[in-house]
Each structure stands twice: as structure tokens, then as C-alpha cells.
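For the sequence shown, counting from 1, position 4 maps to 0 in the working numbering; every step adds exactly one. Quick reminder that beta carbons are idealized off the backbone N, C-alpha and C, glycines included. Only a predicted model underlies this, so the values are computations on that prediction, with no experimental measurement involved. Structure, as C-alpha cells:
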Amino acid sequence: MGLFGVMRTGVSGMNAQASKLGTVADNIANSSTTGYKRAMTEFSSMVLSQGSGTYNSGGVQAHTKYAISNQGGMSYTTSKLDLGIAGNGFFVVSDGTDAGSTKALTRAGSFVPNGEGYLVNTAGYYLQGYPITNGAAPAVVANGLGGLEPININQTQLEATPTGQALLYTNVSEDAAVVPAANVPSTDFASAGTVQYSHKTSLITYDNLGNEVKLDIYYTKTSDGPPASDWEVSVFNSDDSTDGGFPYSAGPISSQAISFDTTNGKLTGTSATGVNVSIPNGGTFDIDISGSTFLNEDFTVTQVDTDGNPPSSVEGTEFDTDGTLYAVYANGDRRAIYKIPLADVPSPDKLDPASGNIYLPSFESGDVRVGFPGEAGLGKLEVMALESSNVDLASELTSMIESQRTYTANSQVFKAGSDLLQELVNLAR
């Protein structure tokens, strides 16, 4: 086996170095590929049983490993759909949109909507997420990929949001005159001549269809302290008036008595702090008036805020660092539509790589666990950022030169064995 063993060993050395050159070539070719993880070749010796007085040369075997768990550098972009992971975890993607599509893991987070509105990365894989319905937190399957679906941003177009909360802080004038009970708006709303009130303001709200509903709000002093100054807050639907004021064809949609402490100008401890209203064909909510005051100043609206919006189209989409995908409407409102998880395995370096910069779980990698960014040991989600490959070009070029030299040396071993074998053949002639 002597000369044949020498030649066999030389061939194994050349094959091993060819494998290493293959990984180096892949690494260099993908040095600019988003989320690419470098391949590495390691070697182990092959030893044959030895006879007395002889040596049977063995050889070398190449083993390929992947530095999947090694973090790549982060490069920042201008796209609100570009995502990078700083730390552990992978995005979950699929090769199609149907329920039977194969799901895989990737660190390549350059996502754009395709022609159907699905978010896909450069390799065409579909980003998976949990749908958010009516603002409810998504249900997560911690030990699997169930419940995930391809993210489609075309599902939300024109939308109206009814008003569900409001805040109205005012200062009512200490000098306002007391209005007789028979003439307050809640009682005398049908009269234009005898009704009296102290102050008036209005709020714009929205019903379920996005129609604007204007609320006329009247403040009326009903008694003067001390120790308290009593007021009535009456809320009318402006549509029930023909000229923007009294008379109204219907009574107030809400009327609330409140009391101010005459010693400090704030609502008393027993006073109501909200006015409950029901918007026609809309929501029911309290107008927060807890910050209102009773001071020696003119009537002033000091703070006002309402939610809700008229019909508005989606202008764009953007991710938050917790993985929530928001639809951004033309009026500035945002609505959560999906939340993307991160998936991880006990041994990421044992995942099976596949074309398209994806990885598939294997027996050696362990089972997939799922969670949200920043939770339970999972990495942080970087928005408007992409993870670069973890390839060091200088190191790869050095490895290439080393492999070239080692390959050449092994070829010389093979050539030496071949030359000696030729000598033996010549002896027989």
C-alpha cells in the first residue's frame, strides 16, 4: 500500500484544500450579501491501521462549518422596511403565501412590497408575522411557527376611526352671573329668547363612518359659593340646530353638574371629572374635564384633545423596534396591523443553510422557539438598518493563498508517488 497510499493521501489533501477554497470563494462572492454568514473549513486526520515495520499513510478530511451565530456589522438605510437584528434570533420567512409553504429562518431583512402587497426580501422570501385585529395583542406559539402568516400591507386602505376619547380643560370665569334654573340650556334648549348660559365652545368628533360630528358645549353657572360654585355642562349635537345655536330640536346628548372649590379654583373632591357622551352612530366615551379651573380670568380653553379621524388612505407602513408594523394614514394616524417575531434555536451554527440566504432547523440545531424582539434572550430589532455579512475579506484572501500553497504541496506529494510508481513500471520492462 506504500506508493498507492502516498498518492491517495496526496489526493485527499488536494480534495480537502479544494473544499476550503470553495468556502473561501463563497465567502468572497457573498461578502456584500445582506445577512450572509461565512462558511469555514476545518480538517480532521484519517489514520489507517499500521502493520509491523510499515506505515500506511492515511489522509485528511474536510468539514464545513458556518459562523451563523456571529454578528455582522450594521449598516443604516433610509427605508422604513429595512430590518436588522442585533443579537440572537432570525426573521421567519416562507417560500410562498399558502398554508403549505415551507417556513425558514433568515437574517436578511431588506423587505419591500411586491406587486400583491406582500413583504418579500431580496431572495423573494415572504416575511411572516402575527396579524393584529382591533388592536388586540397577537397570540404567540412559543415552541413553533403556528399562527404566522405572510405580511400583506395592501389589506388596509381607506379607514375611518370613531372618536373614543376626548379631553377638554377650560377656565370658567369667576365673575359669570348665576343663571336661573328655568333658563339653563338643559331645560330651555327649545327657546332662543329665554335660554341663558355662561360660556360656549365646540369639539369636533367622528362617528363610525368617519362623518364629522360637531358638539356644542355650554358651561352655565347655577349657583355661587362659598364653599363651592356649581355649574352645568351641557353637550348638544350641532346638527340639531339650524343656525349654530339655540333653539335645538332635541335635548342635550349629555348634561353634567360639576362643582368648583372657591378657595383654590379646582374641581371639588366630590365633583364629576368627566362628561359622558354618546355620539350618534358612534362611540360612547367621557370627555375628561378634570383639569378645568374656576379663576378670575375670562373663559379660556387651556387644553383640548380628541382621537378619531375621517376616512383616510394609507400613505405608508413602518416598523417599530418591538416588531409592530404600523399602517400610516395620510392624516398622520397609525394603526398596528402585524407584529413580527424572532425565532431562535439552541445551536444556530448547526442550522442547515439553503439557497436564498435562509436556514432550516435540523436535529442538531434543536427545536425552534419564538418570541418578540428584546424578550427572553432574543436580539434587538434595528429599524432602517441591515446586517452586513460577517465576512472579513482580508482574512479570506489570506486563507485563499494558504490553501493554494497547501494544494500545490499536496499535488507534489501525488506527483512524487506517481513518479516512483513509474520507476517500478520501468523496472519490469
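What are the boundary residues of the beta strand (DSSP E) that includes V371?
First, the amino acid is wrong: residue 371 is Glu here, not Val. From DSSP, E371 is part of no beta strand (DSSP E); its letter is neither H nor E.
Which residue comes first and which comes last in the beta strand (DSSP E) that contains N406?
Per DSSP, N406 belongs to no beta strand (DSSP E); it is in the alpha helix (DSSP H), 389 to 423.
Going by Cα to Cα distance, which pick from K376, S399, R103 is closest to A82?
When each option's Cα is compared against that of A82, the closest is K376.
Between L338 and P369, which are expected to be in contact by the criterion C-beta below 8 Å, what is the C-beta distance as a whole number of angstroms?
Indeed, because the Cβ distance is near 6 Å, the residues count as touching under 8 Å.
For the segment 194 to 211 against the segment 298 to 312, do three or more pairs of beta-carbon atoms, one drawn from each stretch, fall closer than 8 Å, so that the two count as touching?
Touching, yes.
Does the distance from the C-beta atom of P248 to that of P181 stay below 9 Å?
Cβ distance < 9 Å, so P248 and P181 count as in contact.
Where N148 and P357 are concerned, what is the direct C-alpha to C-alpha distance, given to the nearest angstrom?
C-alpha separation (whole angstroms): 25 Å.
Could you say which of G92, Q57, T37, K33 lies nearest to I64 if we only look at CA atoms?
Looking at the Cα atoms, K33 is the closest of the given residues.
Here's the rule: buried if 16 or more other CB atoms are within 10 angstroms of the residue's CB, otherwise exposed. What is V108?
Classification of V108: exposed, given that the 10 Å Cβ count is below 16.
Does the distance from the C-beta atom of G31 to that of T98 stay below 9 Å?
Cβ distance not < 9 Å, so G31 and T98 don't count as in contact.
If you compare alpha carbons, which of R4, G319, K335, A21 is closest to G54?
Checked all of R4, G319, K335, A21; the closest Cα to G54 is R4.
Report yes or no: do three or more beta-carbon pairs, one from the segment 111 to 120 and one from the segment 342 to 358, lie closer than 8 Å?
Output reads yes: the segment 342 to 358 touches the segment 111 to 120.
Residue range of the alpha helix (DSSP H) that D184 falls in?
Segment 181 to 184, the alpha helix (DSSP H) holding D184.
Would you call the segment 134 to 142 and the segment 73 to 80 in contact, with 3 or more CB pairs under 8 Å?
Short answer: they don't touch.
Which value, in whole angstroms, describes the spacing of the CA atoms of E228 and L154?
Rounded to the nearest angstrom, the two C-alpha atoms are 39 Å apart.
Out of curiosity, what's the CA-to-CA distance linking K262 and S194?
Each residue's Cα considered, the two are about 18 Å apart.
Whole beta strand (DSSP E) runs in the segment 100 to 165 with 3 or more residues, listed along the chain?
Runs of the beta strand (DSSP E) inside the segment 100 to 165: 122 to 127, 155 to 157.
Please classify V421 as buried or exposed, where buried requires at least 16 neighbouring CB atoms within 10 angstroms.
Exposed, since its Cβ has fewer than 16 Cβ neighbours within 10 Å.
Excluding the five sequence neighbours on either side, which residues of its own chain have a C-beta within less than 7 Å of the C-beta of S106, listed in chain order?
Excluding sequence neighbours, S106 sits near T30, D78, N117, T118, L382.
Alpha carbon to alpha carbon, what distance is there between N386 and T166?
For T166 and N386, the distance between alpha carbons rounds to 59 Å.
Does DSSP put D171 in a helix, in a strand, or in coil?
Here D171 sits in coil by DSSP.
Please determine, among S225, L163, N207, the residue with the shortest C-alpha to C-alpha distance to D235.
Looking at the Cα atoms, N207 is the closest of the given residues.
Spell out the partners DSSP gives D226 in its beta bridges.
D226 pairs with S219, S255.
Tell me the DSSP bridge mates of T289?
In the DSSP output, where bridge partners are listed per residue, T289 has N167, K262.
Three-state secondary structure (DSSP) at R331?
Strand, per DSSP.
Quick check on D340: buried or exposed, where buried means 16 or more other Cβ atoms within 10 Å of its Cβ?
Buried: at least 16 other Cβ atoms inside 10 Å.
In terms of DSSP beta bridges, what is Q57 paired with?
Answer is S40.
Between which residues of its own chain and S198 is the CB-CB distance below 8 Å, once the five residues before and five after are set aside?
Around S198: K210, L211, D212, I213, S234.
Which residue wins for smallest C-alpha separation from A326, given the options A268, V310, G287?
Considering only alpha carbons, the answer is V310.
Could you give the DSSP three-state label for S15: helix, strand or coil?
Of the three classes helix, strand and coil, the one that applies to S15 here is helix, per DSSP.
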